[in-house]
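For the sequence shown, my numbering assigns the number 641 to the initial residue and increments by one for each residue that follows. The C-beta atom is built at its ideal place from N, Cα and C for all residues, glycine as well. Working notes, beginning with the structure itself.
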Amino acid sequence: LQDIPGVLLLSDGDTCANEIAADPNALIFMFGDRFVSKTLLTSLSRGRPTFVQITPYLDRQDPNHMVTLRVESEIASAVSELLNLNSSQEGDNAFLDLEEKGNDIEIEEILESEQAFSTWVCSAIGPNTSLYLGNSMPIRYIDRNAKRTVPFGGSSCNVYANRGASGIDGVLSSALGVAHATNKHILLLIGDLSLLHDIGALQLARGLRVTIVLVNNDGGIIFRKLPVARQKHLFREFFQAPHGIH
641 LQDIPGVLLL SDGDTCANEI AADPNALIFM FGDRFVSKTL LTSLSRGRPT FVQITPYLDR
701 QDPNHMVTLR VESEIASAVS ELLNLNSSQE GDNAFLDLEE KGNDIEIEEI LESEQAFSTW
761 VCSAIGPNTS LYLGNSMPIR YIDRNAKRTV PFGGSSCNVY ANRGASGIDG VLSSALGVAH
821 ATNKHILLLI GDLSLLHDIG ALQLARGLRV TIVLVNNDGG IIFRKLPVAR QKHLFREFFQ
881 APHGIH
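Printed below as a string of structure tokens:
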């Protein structure tokens, strides 16, 4: 869909989400059951654009009462029909211009940050390499910024992820399992706590084509984005849990 003129893909942290939500002429398609990004959901729910949800599921998932039209359909079939529509009519490109300006600003802000490091890792992905994303910040960095910086080595690639019971457990083991099952080179982008939690799995890496890229920010930085960060007497020891290993 991103190749269709006038189509803008929204993701977590998009600077133009508020402007789109405020435009009554905006048409938003949501594919699937529910939003993953709370930030994007909050931004879009502030306005009342035309909102179409396409989902194969029967359960109602509209906590913010945003859906104007709900279509129960297999997503692949619905996308195929949308691609067959006549898109020759030119529309207003104001939002596309807004996104481009916003991207320029955001890219400047992340040039020397973990986001830049994480998203630029994508440029190292070759034709026979798959990307495995750790939980917490790595998967969020890629979701938010990969499309705006360097594409996956100039081509597409398979992207894998999983979430254990506590979120960070078993990430390395799972990546090694994918390398074994697919017989492909795996580029694993993982945070420091996730690696430490599963460090015993390194003994299984022998003979597998796995490159481990570690984002070491000395603890659970994602918790800084949550209300618990205001609890100064608890935050550092029990949530950030710095380990001091470099």
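Quiz item: Once you ignore the five residues that flank Val799 on each side, which residues in its own chain have a CB closer than 6 Å to its CB?
Solution: Leu771
Quiz item: Alpha carbon to alpha carbon, how far is Glu659 from Ser806?
Solution: 36 Å
Quiz prompt | Whole-angstrom distance between Ser720 and Leu681, CA atom to CA atom | solution = Cα-Cα distance, rounded: 26 Å.
Quiz item: With contact counted as at least three CB pairs below 8 Å, one residue from each stretch, are the stretch 842-850 and the stretch 870-884 in contact?
Solution: no
Quiz item: From the DSSP output, which residues share a beta bridge with Arg710?
Solution: According to DSSP, which records beta bridges pairwise, Arg710 is partnered with Gln693.
Exercise. Starting from Ile852, trace the beta strand (DSSP E) both ways and give me its first and last residue.
Key: Val850 to Val855
Self-check item: Beta-carbon spacing of Gly817, Pro778 below 8 Å
Solution: no
Self-check item: Where Ser770 falls: helix, strand or coil (DSSP)
Solution: strand
Quiz prompt | Backbone CA spacing between Ala801 and Phe671 [nearest angstrom] | solution = 20 Å
Self-check item: Ile808 beta carbon less than 8 Å from that of Ser776
Solution: yes
Exercise. Run the CB neighbour count on Arg780, radius 10 Å, all protein chains shown included, and call it buried at 16 or more, exposed below.
Key: buried
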